[in-house]
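Enquirer: One structure follows; several queries about it will come next.
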Amino acid sequence: MSSYQYRSRNVEETAFLAQQLAGLFGPGTVITLDGDLGAGKTTFSQAVGRALGVKETVNSPTFTIIKEYRGETLPFYHMDVYRLSAEEADELGLDEYFYGSGVTLVEWGSLIEELLPESRLEIRIEHAGEQERIFRLQPHGEPYRKWCGKLKENGL
Ligand SMILES: Nc1ncnc2c1ncn2[C@@H]1O[C@H](COP(=O)(O)OP(=O)(O)OP(=O)(O)O)[C@@H](O)[C@H]1O
Ligand SMILES: [Mg+2]
393 MSSYQYRSRN VEETAFLAQQ LAGLFGPGTV ITLDGDLGAG KTTFSQAVGR
443 ALGVKETVNS PTFTIIKEYR GETLPFYHMD VYRLSAEEAD ELGLDEYFYG
493 SGVTLVEWGS LIEELLPESR LEIRIEHAGE QERIFRLQPH GEPYRKWCGK
543 LKENGL
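Each residue of the sequence shown is one higher than the last, beginning at 393 in the numbering used here.
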């Protein structure tokens with residue numbers, strides 16, 4: 393049992409989860425985000441950007457696919473692969489991001505599962521009310537299993 397569930401009652405609690413996770417990030421961290429329209433994928437990504445000390449506004453990279461930001465400690469690569477075609481994926485060279493020196497967050501990551509690194513943290517966000525969301529974290533690989541253990545230890 394290594395998966396982990398977090399109930400957020402508002403945007404602030406979603407940002408709190410992002411902050412807690414950001415404390416565990418390192419070079420090559422990969423997180424996927426899935427969930428319906430309006431679930432909070434971009435809201436969560438913005439909170440990650442703030443937690444990493446990104447000065448610019450993080451917004452949805454739907455049409456650009458990838459946006460790169462400079463964080464205080466780590467580069468932050470924000471992807472939205474909803475409209476990504478196979479040829480584009482090839483051109484972009486996704487592995488350079490995944491195995492690079494920064495943190496990659498992939499909105500709609502489940503759509504490109506076969507292109508993702510084996511080791512990653514999968515997050516699914518579900519609506520549970522107007523402002524309530526359930527975050528289901530599924531670690532793939534040992535470092536991310538440890539992360540989920542740490543979140544539990546921290547009483548989240
Ligand atoms: N607990 C919560 N966590 C996150 N967002 C919340 C929460 N409660 C309300 N919201 C609101 O829900 C909306 C989430 O929108 P957001 O753009 O982050 O979703 P998304 O998953 O990226 O959707 P899309 O697939 O359309 O891009 C925002 O308007 C946000 O303010
Ligand atoms: Mg979005």
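Glycine residues also receive a C-beta, built at the ideal position from the N, C-alpha and C atoms.
Check whether the Cβ of K544 sits closer than 7 Å to any heavy atom of ligand 2, and report yes or no.
Expert: The sequence position of residue 544 within the sequence shown is 152, counting from 1. It does not: the Cβ of K544 is nowhere closer than 7 Å to a heavy atom of ligand 2.
Enquirer: Following the continuous alpha helix (DSSP H) through K542, name the residue where it begins and the one where it ends.
Expert: For the purposes of this step, residue 542 is taken as the residue at position 150 of the sequence shown. Looking at the DSSP string, the run of the alpha helix (DSSP H) that includes K542 is 534–545.
Enquirer: Out of E405, G415, K544, G427, point me to the one whose CA is closest to V495's CA.
Expert: The residue you call residue 495 lines up with position 103 of the sequence shown. Looking at the Cα atoms, G415 is the closest of the given residues.
Enquirer: Could you compute how far the alpha carbon of A520 sits from the alpha carbon of D428?
Expert: Translated into positions along the sequence shown, residue 520 becomes position 128. Translated into positions along the sequence shown, residue 428 becomes position 36. Roughly 12 Å between the two C-alpha positions.
Enquirer: Touch check for the segment 503–514 and the segment 470–485: three-plus C-beta pairs under 8 Å?
Expert: yes
Enquirer: Return the bridge partner residues of L425 from the DSSP annotation.
Expert: By one-based count along the sequence shown, residue 425 stands at place 33. For L425, which the question treats as bridged, DSSP gives the partners E499, I515.
Enquirer: Return the chain-ordered list of same chain residues with a C-beta closer than 6 Å to the C-beta of I517, the five sequence neighbours on each side being excluded.
Expert: Taking the sequence shown and counting its residues from 1, the one referred to as residue 517 is at position 125. G427, A431, G432, R525, F527.
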